[in-house]
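Peer 1: One structure is given below, represented as structure tokens, and several questions about it will come after.
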Amino acid sequence: MNINLSNIKKAVKYLNKNECIGIPTETVYGLAANAYSDKATDKIFKLKKRPRKNPLIVHYYNLKDLKNDCKIDNQFLSLYSKFCPGPITFVLELKEKSKISNNVTNNKSTIAVRFPKHKVTRKLLKNLNFPLAAPSANISKSISAVCKTDVIEEFGNKIKFVLDGGKSKEGLESTIVSLVGNQKILRLGSLDRSKIEKYLIKKKTNKKKNIVMPGQGRIHYSPGLPIRLNIKRPKKFEAFLLISKRIKSNKNFFYLSKNKNLKEVAKNLYKTLRKVKKKGFKQISIERIPNRGIGEAINDRLLRAAVKK
Ligand code: TXA
Ligand code: MG
């Protein structure tokens, strides 16, 4: 996708005025605002109906910018050089003189940061003199947005602009790793757990220092319809999501992949959940997803999506 410079300019203009806008990333779209501004970040919580106690991820262009706000060490640098820019988020310690708004961190001394790979958003970040706080661009608890129209579906004219970057390549949120206290993965995501875990160091630390993730409630990523998992034979009235080709197809069949390609399943999951809801199905069933590689992150999302309210 070519970068449309006049759209970047528009995005810069809105962000400089402390507005919230939609931005593309390789994982999912974000609802972005100036991370240094109380006024701008306040709007994110209101628009998303997000509890204040759930902190935001801050998106940076490069290390130089990050160093103004966070404490870093060699281990972070080695993970950074392997995976960034890319779909990984780090929980780090905040510097005391950081300009990050207290809204972003919920007044805590840690901060989640990431370096998105999407070239449109990289261009945008390069043209700003502040980093962007950006949670996923959806109303709290519902499914993340993976294209511009999804974001508009979530927020309508409550936001003034969505920067178009096509469809998110990964389709699932970033993997979150805490480097504070005991190093561990807090949220499974687009980057496989196995790729990261081998670099994490087991330390004996004070338990109180260990990080928990406030924003991973039981109900999350919900399409607002009942979902049944691990299904071989769907009911007639259900939308049936499949990951491999069947000889006999049916009107209620929706393929996430035709050959068990789990990367493809991840990419198509949220989009397909939205689609079947729009088509008016009242219930969804889904084939078993193998619990390997990215399949683990997909199953994590499906289990939360399937929790009954
Ligand atoms: O792929 C992604 O990560 C997307 C794109 C837009 O970058 N963002 C995203 O943000 O998924 P959000 O807000 O939907 O999820 C961020 C999660 C929340 O569950 C929050 O609790 C956790 O990150 N988080 C943020 N700051 C934290 C911190 N300091 N310590 C622990 N968890 C934190
Ligand atoms: Mg989210």
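For the sequence shown, this note's numbering begins at 13 and goes up steadily by one.
Glycine included, each C-beta is placed from N, C-alpha and C at the ideal position.
Computed from a prediction, not measured in an experiment: that's the story for all the values here.
Mapping DSSP to helix, strand and coil, what is Ala251?
Peer 2: Position 239 of the sequence shown, counted from the start, is the residue given in the question as residue 251. In the structure shown, Ala251 sits in a strand (DSSP, three-state: E or B).
Peer 1: Give me, in chain order, the residues of the same chain whose beta-carbon lies closer than 7 Å to that of Ile20; leave out the 5 immediate sequence neighbours on both sides.
Peer 2: Counted from its first residue, the sequence shown places residue 20 at position 8. Closer than 7 Å at the Cβ level, and outside the excluded window around Ile20, lie Lys135, Leu136, Asn139.
Peer 1: Just verifying my parser: in three-state terms, what is the DSSP assignment at Ser113?
Peer 2: To locate residue 113, count along the sequence shown from 1; it is residue 101. Of the three classes helix, strand and coil, the one that applies to Ser113 here is coil, per DSSP.
Peer 1: Using beta-carbon positions only, say whether Leu239 and Ala318 come within less than 8 Å of one another.
Peer 2: Translated into positions along the sequence shown, residue 239 becomes position 227. Translated into positions along the sequence shown, residue 318 becomes position 306. This sequence places Ile at residue 239; Leu is not what is there. Closer than 8 Å, so yes.
Peer 1: Any chance the CB of Ser202 is under 7 Å from a heavy atom of the ligand MG?
Peer 2: Here residue 202 refers to the residue found at position 190 of the sequence shown. The answer is no for Ser202.
Peer 1: Go ahead and pull the three-state DSSP assignment for Gly34.
Peer 2: In the sequence shown, counting from the first residue as 1, residue 34 sits at position 22. Residue state, collapsed to three classes: strand.
Peer 1: Cβ-heavy atom distance between Ser186 and the ligand MG below 7 Å?
Peer 2: Within the sequence shown, residue 186 is the residue found at index 174, counting from 1. For the ligand MG, not one heavy atom lies less than 7 Å from the Cβ of Ser186.
Peer 1: Runs of 3 residues minimum, wholly inside the stretch 107–170: which ones carry the beta strand (DSSP E) assignment?
Peer 2: Qualifying beta strand (DSSP E) stretches, in chain order: 122–126.
Peer 1: For Lys325, count neighbouring C-beta atoms within 10 Å of its own C-beta (all shown protein chains included) and say buried if the count is 16 or more, exposed if not.
Peer 2: With the chain running from 13 to 321 in the structure shown, residue 325 is simply not present.
Peer 1: Would the beta-carbon of Pro147 be found less than 7 Å away from any heavy atom of the ligand MG?
Peer 2: Position 135 of the sequence shown, counted from the first residue, corresponds to residue 147. The answer is yes for Pro147.
Peer 1: In this structure, how does DSSP classify Phe293 when only helix, strand and coil are distinguished?
Peer 2: Numbered from 1 along the sequence shown, position 281 holds the residue referred to as residue 293. DSSP places Phe293 in coil when its eight states are reduced to three.
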